[in-house]
Amino acid sequence: AQTVTQSQPEMSVQEAETVTLSCTYDTSESDYYLFWYKQPPSRQMILVIRQEAYKQQNATENRFSVNFQKAAKSFSLKISDSQLGDAAMYFCAYNGGSQGNLIFGKGTKLSVKP
Amino acid sequence: DGGITQSPKYLFRKEGQNVTLSCEQNLNHDAMYWYRQDPGQGLRLIYYSQIVNDFQKGDIAEGYSVSREKKESFPLTVTSAQKNPTAFYLCASSIQQWNTEAFFGQGTRLTVV
Chain A
3 AQTVTQSQPE
13 MSVQEAETVT
23 LSCTYDTSES
33 DYYLFWYKQP
43 PSRQMILVIR
53 QEAYKQQNAT
63 ENRFSVNFQK
73 AAKSFSLKIS
83 DSQLGDAAMY
93 FCAYNGGSQG
103 NLIFGKGTKL
113 SVKP
Chain B
6 DGGITQSPKY
16 LFRKEGQNVT
26 LSCEQNLNHD
36 AMYWYRQDPG
46 QGLRLIYYSQ
56 IVNDFQKGDI
66 AEGYSVSREK
76 KESFPLTVTS
86 AQKNPTAFYL
96 CASSIQQWNT
106 EAFFGQGTRL
116 TVV
């Protein structure tokens, strides 16, 4: 069965600095998608970025980028120029193969210090 | 505006009662999902549906039931058999089940009193 692991329950970053959130996953599939979702205090889940496993190029969305290492089954999220509004829970998620449904990690709580 | 609407935002239930959480989407998505969120547990899948009149159990289906009579609607009933129902419930939908992102509603906070 596929699993997603986020080993950092909490992280902290200074405003304007860069922070990297870690995620590893386990799968025997070759075709799948990976996602990072943000859940602010409002608890609305917001898609931050997505990565297709067949693409070697790392996805980028403005200040958010990923480091996708398929062989290592690693999918980290880098947030550059951190802003106070980035403070939230961040969830890594996997979707692929016969499972089909999104499988989530337990999340990382990110705090941003002014 | 297209989106997913969950209601109510807050719900209180007495022990022994069944309650139903509403989820409606106007995105024309085929797949819909219910997740439960507890502190430190991430999101765990309760039920999912790929098409109308069909649904499957997720990882923690015991004590819950669903229906999918219309493409737009996927209500979740929390029955009295659910021993620990106090949690935050999230409904989501996606164009298809595989290899695509899900879009979420704003959630329902259920508290047993």
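These protein sequence lines map, in sequence, to chains A and B. So the number in this note's numbering is just where the residue sits in the first sequence, counting from 1, plus 2. So the number in this note's numbering is just where the residue sits in the second sequence, counting from 1, plus 5. Ideal placement from N, C-alpha and C gives every residue a C-beta, glycine not left out. Small disclaimer: the values here were computed from a predicted structure and weren't measured.
Is L26 of chain B near the ligand FMN, with its Cβ less than 7 Å from a heavy atom? Ligands are entirely absent from the displayed structure, and the ligand FMN is therefore not among its contents.
Which residues in chain B sit within 7 Å of M47 of chain A, going by Cβ to Cβ distance? L95 and F109
Inside the stretch 25 to 96 of chain A only - beta strand (DSSP E) runs reaching at least 3 residues: 26 to 28, 34 to 41, 48 to 54, 66 to 71 and 76 to 81
Helix or strand or just coil, what does DSSP make of E74 of chain B? coil
Can you pull the DSSP bridge partners for T20 of chain A? None; T20 of chain A has no bridge partner.
Euclidean distance between Cα positions of K72 of chain A and K14 of chain B: 39 Å
Note down the Cα distance separating A36 of chain B from Q55 of chain B, rounded to an integer number of angstroms. 4 Å
Tell me the DSSP secondary structure of W1 of chain B in three-state form. Only positions 6 to 118 of chain B appear in this structure, which leaves residue 1 of chain B out of reach.
Please go through the same chain and pick out, in chain order, the residues whose beta-carbon is closer than 8 Å to the beta-carbon of A66 of chain B, but skip the five residues on each side of it. I51 and Y52
Taking three-plus beta-carbon pairs below 8 Å as touching, is the stretch 29 to 45 of chain A in contact with the stretch 80 to 95 of chain A? yes
Within 10 angstroms of its Cβ, does A18 of chain A collect 16 or more other Cβ (buried), or is it exposed? exposed
Measure the C-alpha to C-alpha separation of K75 of chain A and Q30 of chain B and round it to an integer number of angstroms. 34 Å
Do we get a CB-CB distance below 8 Å when we pair R65 of chain A with the residues of chain D? In summary, chain D is missing from the structure at hand, where the protein chains are A and B.
Evaluate A3 of chain A with the Cβ neighbour count: other Cβ atoms within 10 Å of its Cβ, from every protein chain shown; 16 or more gives buried, anything less gives exposed. exposed
Own chain residues within Cβ distance below 8 Å of S67 of chain A, not counting five before or after: I51, N60, A61, L79, K80 and S82
Going by the beta-carbon positions, is the gap between A86 of chain B and G63 of chain B smaller than 8 Å? no
Residues within the stretch 26 to 48 of chain B neighbouring chain A, beta-carbon criterion of under 7 Å: Y38, G45, Q46, G47 and L48
For A92 of chain B, which of B:N58, B:N33 and B:L48 has the nearest alpha-carbon? B:L48
Roughly how far, in whole angstroms, is the beta-carbon of L26 of chain B from the beta-carbon of Q11 of chain B, given that I think they are within contact range, below 8 Å? 7 Å
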